[in-house]
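One structure is given here, and the rest of the page talks about it.
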Amino acid sequence: MVNLTIDGRAIQAKKGCTILDAAREHGIYIPTLCYHQALKPIGACRICVVEVKPGPPRPLPACATYVAEGQEVVTSSPKLDAIRLELMKLVLINHALDCPICDKGGECELQDLTHALGVSVVDLEAVKLPPHKDYVSELIERHPDRCVTCGRCVRICRDRVGALAINFTLRGYFTELASGGLPLDCEFCGSCIDICPVGALINKVFKYRARAWEVTRTEMVCPFCGGGCSYELWTKNDRPLRVVNYDTALLCGRGRFGFPVVESPDRLKTPLIRENGGFREASWDEALDQVAAKFKEITEAAGSAAIYGVGSPRATNEANYLFQKFFRTGLGTHQLDNPGRYTYVQALKGLAAVFGFPQVSGVEKVAKPPLPFHSPLTTTEEAKASGFPLVLGKLKDLPKADVALVVGADVTPELPPLGWALNTALERDTFHLVVANNRKTKFDRRAHLSLRYKPGSERLLIAGIIKSLLTAQPEWAPTVIAGGFDEFKENINKVNLKDVAKKTGVPEALIKETAARLAQAQAPAIIFGSELMGQDKGLENTLALADLFLLVGRPGAPGSALYPVAEKNNTRGVCEVGVMPEFLPGFVPLEGAEPGPTLPEMLDLLEKGDPKAPQALYLLGGDLLRQLPNRSRVEKLLKKVPFMVVQDAFLTDTAKLAQVILPVAVHAEQEGTFISTDGSLGLLPRALPVNGVRPDWQIISQIGSKMGFAMSYASPKQIFAELALGMPRWAGMAPKNGGAAFTAEVTGQFVPFETDISLPGRRPFTLLVGKSLQHSGSFTTHEPCGTLTITNRARLGLNPADAQNLGLAEGDFAKVTSSQGEISVPVTLTPELPEGLVFLPEHFSQPAAQRLTLNSNLVRVTIQKG
Amino acid sequence: MKATTLEIDDILERYPKQPQHLISLLQDVQAEYKYISPEHLALICDHVGVPLTQAWAVATFYKSFSLEPRGEHEIKVCLGTTCHLKGGGRLVEACERDLAVARGHTTEDLRFTLDTVKCVGACALAPVVMIDEDYLGAASIPSLQKRLEKL
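Taken in sequence, the protein lines are chains A and B.
Once you know that position 792 of the first sequence is 1972 in our numbering, the rest is easy, because the numbers rise by one and skip nothing.
Once you know that position 83 of the second sequence is 97 in our numbering, the rest is easy, because the numbers rise by one and skip nothing.
This is the structure in structure tokens:
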């Protein structure tokens, strides 16, 4: 700690913090303009000048001057006030005085400063500059005449988002914010809007809808990906208007512009019951009675195992917990699964095989009743934990890693916050980024090593890296205590590095260098995404990475961990609360009972017409037809199910096959919690009216009660309390908090993995079905989401050379044929894709990418014009 | 102006595909074509792997780069302290009138570009006008007109 005085007050500050940080911590006001807590200070505006003794005989910027022992700081004096006043006059010299129509009015830092510093007249004059306003760009409007050239937007775009889409043009007095003389063509995350201290950047979705002081603000978790960001939702007259993250200003485009999905006109408003080939609107009582009666009838006729449930990575922990309780306690079966089975669950199974299931000890109940959505458990001093959740990293620790290996993930579209964390890490010179992907992704530009492998060859590449490591250092011992190493080594010895280089397309030298980097790393992180998990061999891919982590990972070092991307807001939560046949809540393996079939096994049973095949399906949201590979097969099989209930907010293609559709609350219409990709708890409070729909948990509870199960709850708080009581690993968990610390005991077992990478078929192109930056599942593809103005439909990404050979130009329609089906889709020329690889986003129902796939997100296709 | 100009590809090939060569490339293109067209700027960005906005910021920051076509001859009228006192302002106005072009712009026939500069370091010759690489010292409106007619 450092002792100093500020305005005569003796204070203690942490070493390495700035005078501004120290002053703010002790409630001393220093005016600022270009400073933002989420960015590195640049000391450009000089409004925060203070006098420092001992120091140079001139005022210093408080935001960029570090505290020192014995320092005497004066924050306000006639001299400083005069400097600030003069600076403010210079800032205001050509400022557009349009506060009454400026969207920032009421929350403008310049307005506040003008009041605080008492600037009443600007007695300076300068040439008026023509304001080059930009009304053309999508979603973001620019008013350079309101700009104070603080550079915050430029810095957040460059340092955090990594898009480098806006910058200053010209210089001196003429400096203006610009985007290269063209309308914005960026990620459209809008972070620049919220970091702007003035109204130079305006959110078009929010423009003119309300004033900052008229709105009700509710802090909540963002439900558009597994990142677990939190934001404030602004509502007025029960309508959502805007979301803002005041902490870091960072949100992605889906988070910032996706919330209008709540007001989509295609939302279902009342329950629907199938009748005479169509649907008719029904009352809640009628619909719920019918579901309960039908479920009862089926269980009486065919046993309770005849009902199969599919949970949802969109729904809250509370809803999913009740859902599994409905099956496990109510019906007494384990006939349920979640659609993450095709991606994230594959990774979890692989990690569990290598690192074991979670074991927790030393947890006790807290003495007094916990606050709502706080775990009623706490850890004792001897609290210990083991198992795979301990090697899953936290995003805030990622920047502490020294090497990050990114495999099979286009980081930003998969999980925007992961991209921000990587950008933060990249600010450190000692950090090394290795990006391996089948195509050029955003982070390839900043990667120290960039590996381009052939689609689907991830596990062989990892085998090559391991082999190279063990060849270069034969005495290498795994850095994590693990069994089965000798056997594993024998297996790896069979791998031929030349062969790997040939089959994966990655030069041997690059493989060797990657291995060497990982071997030297003191805190290596391994990041992998759904591109790799979503293959039919996703489990094998994860095993390869988990084995690599046993070899080089240092779980004791902060940041050194595995980072599998949990794609949706609650992909991890739906697994943690036990919506899987083989795991009870908390990943407790089911013992003493036969687990039900997994989702793919259930579909197989339906295909075979097996007597064990379900007679009724209960789907908790999730458009299976859009998400699951081989759409036509899934469609055919779902049609075989005699009775299907779907809880969804929209009439999805899957819902159209149902007998009863129950409309649910989305976003802030419901209360509940999510578990983010890094395991922290996000709280969703209710901020909007439900308008006739019901939250998932309430519907499940009502159906359960009607069937005679003891499942009535007053609120999600009560469900959370019950749920968290049974989750020792959640001890100490509270909103925005990942829970108490355990003494970690990370051990593992090497598991051999398959290195065959053949992709069936002979068609010339490989299609990858993946994620688009602007969309999250199908949730953001409904009007009036702002995300649709950027990416309004599916386009087939195609290398320009391939396009030329096929005679296709941008926007032309291509006929894509696989062994499973055929679709017609406009092409977009994408130089980032290598020749022979084409890309289609998975989010849209027309054309449906999954019509082409077989059992993986990769499939061989033929492309023709037309 | 040279009779033939180099192909843009030939200029690009002079430098490796690394961001640090942005300014060198901008300079070479500027020297060859007298300005940097939007198409050339885009090609340079692709070559060195720098986002367009960054290159735009650099190109507009330095006065030696122009994003608009420049005239065959560049007239730079000095408006530094001495030249200003000696009537440099009147010289600019005369040029604007005679050439029918505003300062900072190029005549329609692409013959002349008129610019003002803040001191060329030849105060003893004030007021100074630079025409291409030549200094016209102790310039007056008639002497300037005469010089321009010669071109």
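In this text, a Cβ means the ideal position worked out from N, Cα and C, and glycines have one as well.
Quick caveat: nothing in here was measured; it's all calculated off a predicted structure.
Exercise. Is the Cβ-Cβ distance between Ala-1306 of chain A and Asn-1274 of chain A less than 8 Å?
Worked result: yes
Problem set entry | Helix, strand or coil at Asn-1979 of chain A according to DSSP, with G and I counted as helix | coil
Exercise. Where DSSP assigns a beta bridge to Tyr-149 of chain B, which residues make up the other side?
Worked result: B:Met-144
For this session: Return the CA-CA distance between Thr-1621 of chain A and Arg-1632 of chain A, expressed in angstroms with no decimal places.
Result: 10 Å
Exercise. Does the beta carbon of Met-15 of chain B sit closer than 8 Å to a beta carbon anywhere in chain A?
Worked result: Note that Met-15 of chain B scores 41 on pLDDT, short of 50, meaning its location in the model is unreliable; the coordinates nonetheless yield the value given after this. Not closer than 8 Å to any Cβ of chain A, the Cβ of Met-15 of chain B fails to qualify, so no.
For this session: Output yes if chain A places a C-beta closer than 8 Å to the C-beta of Gly-118 of chain B; else output no.
Result: no
For this session: Return the chain-ordered ranges of every alpha helix (DSSP H) run that is complete within the stretch 1563-1632 of chain A and spans a minimum of 4 residues.
Result: 1591-1594 and 1596-1606
Problem set entry | Identity of the residues DSSP links to Met-1824 of chain A by a beta bridge | A:Leu-1797
Exercise. Looking at the unbroken alpha helix (DSSP H) that takes in Gly-1753 of chain A, where does it start and where does it end?
Worked result: 1751-1756
For this session: Report the residue from A:Phe-1993, A:Met-1913, A:Gly-1188 and A:Asp-1201 whose alpha carbon sits nearest the alpha carbon of Thr-1559 of chain A.
Result: A:Met-1913
Exercise. Just the Cα atoms here: how many angstroms apart are Thr-1185 of chain A and His-1323 of chain A?
Worked result: 41 Å
For this session: Classify Leu-1924 of chain A as helix, strand or coil using the three-state DSSP reduction.
Result: According to the sequence displayed, residue 1924 of chain A carries Ala and not Leu. Ala-1924 of chain A falls in the strand class under three-state DSSP.
Exercise. So, helix, strand or coil for Thr-1960 of chain A, using DSSP?
Worked result: helix
Exercise. First and last residue of the beta strand (DSSP E) that includes Val-1401 of chain A?
Worked result: 1396-1401
Exercise. In terms of DSSP beta bridges, what is Thr-120 of chain B paired with?
Worked result: B:Thr-127
Exercise. Residues bridged to Thr-1349 of chain A by DSSP?
Worked result: A:Glu-1356
Exercise. Where does Ile-1856 of chain A fall in DSSP's three states?
Worked result: It should be pointed out that residue 1856 of chain A corresponds to Ser in this sequence rather than to Ile. If DSSP states are grouped into helix, strand and coil, Ser-1856 of chain A belongs with coil.
Exercise. Going by other Cβ atoms of all chains shown within 10 Å of its Cβ, with 16 needed for buried, is Lys-16 of chain B buried or exposed?
Worked result: Here Lys-16 of chain B scores only 46 on pLDDT, less than 50, and its place in the model should not be relied on; the value that follows carries that caveat. With fewer than 16 Cβ atoms within 10 Å of its Cβ, Lys-16 of chain B is classed as exposed.
Exercise. Going straight from the alpha carbon of Gly-1188 of chain A to that of Gly-1286 of chain A, what length do you get?
Worked result: 33 Å
Exercise. Of all the CB atoms in chain B, is at least one closer than 8 Å to the CB of Gly-1342 of chain A?
Worked result: no
Problem set entry | Beta bridge counterpart(s) of Leu-1270 of chain A as assigned by DSSP | DSSP, once it has assigned bridges, lists no residue as partnering Leu-1270 of chain A.
Exercise. Whole-angstrom Cβ separation of Pro-1440 of chain A and Gly-1966 of chain A, contact assumed at under 8 Å?
Worked result: 7 Å
Problem set entry | Local conformation of Lys-100 of chain B per DSSP, three classes | coil
For this session: Would you kindly work out how many angstroms separate the C-alpha atoms of Leu-1265 of chain A and Ile-1210 of chain A, rounded to a whole number?
Result: 14 Å
For this session: Spell out whether any CB of chain A is found under 8 Å from the CB atom of Phe-79 of chain B.
Result: no
Exercise. Quick one: what's got a C-beta closer than 6 Å to Glu-1756 of chain A's C-beta in the same chain, skipping five residues either side?
Worked result: Ile-1855
For this session: Kindly list, in the order they appear in chain B, the residues whose Cβ is closer than 8 Å to that of Arg-1351 of chain A.
Result: Thr-74 and Phe-75
For this session: Report the residue from A:Ile-1691, A:Asn-2037, A:Thr-1329 and A:Pro-1377 whose alpha carbon sits nearest the alpha carbon of Gly-1718 of chain A.
Result: A:Asn-2037
For this session: List the residues that DSSP assigns as beta-bridge partners of Ala-1242 of chain A.
Result: None, per the DSSP bridge assignment.
Exercise. Going by other Cβ atoms of all chains shown within 10 Å of its Cβ, with 16 needed for buried, is Leu-1575 of chain A buried or exposed?
Worked result: buried
Exercise. Taking only beta-carbon atoms, is Arg-1460 of chain A less than 8 Å away from chain B?
Worked result: no
Exercise. Does Phe-1348 of chain A get closer than 8 Å to chain B when you measure Cβ to Cβ?
Worked result: yes
Problem set entry | Buried or exposed by the 16-neighbour rule on C-beta atoms within 10 Å, applied to Gln-1715 of chain A | buried
Exercise. CB Val-1926 of chain A to CB Val-1660 of chain A, shorter than 8 Å?
Worked result: yes
Problem set entry | Chain-ordered residues of the stretch 1603-1627 of chain A with a beta carbon less than 8 Å from chain B | Arg-1625
Exercise. How about Leu-1381 of chain A and Cys-1333 of chain A: do their beta carbons lie closer than 8 Å?
Worked result: yes
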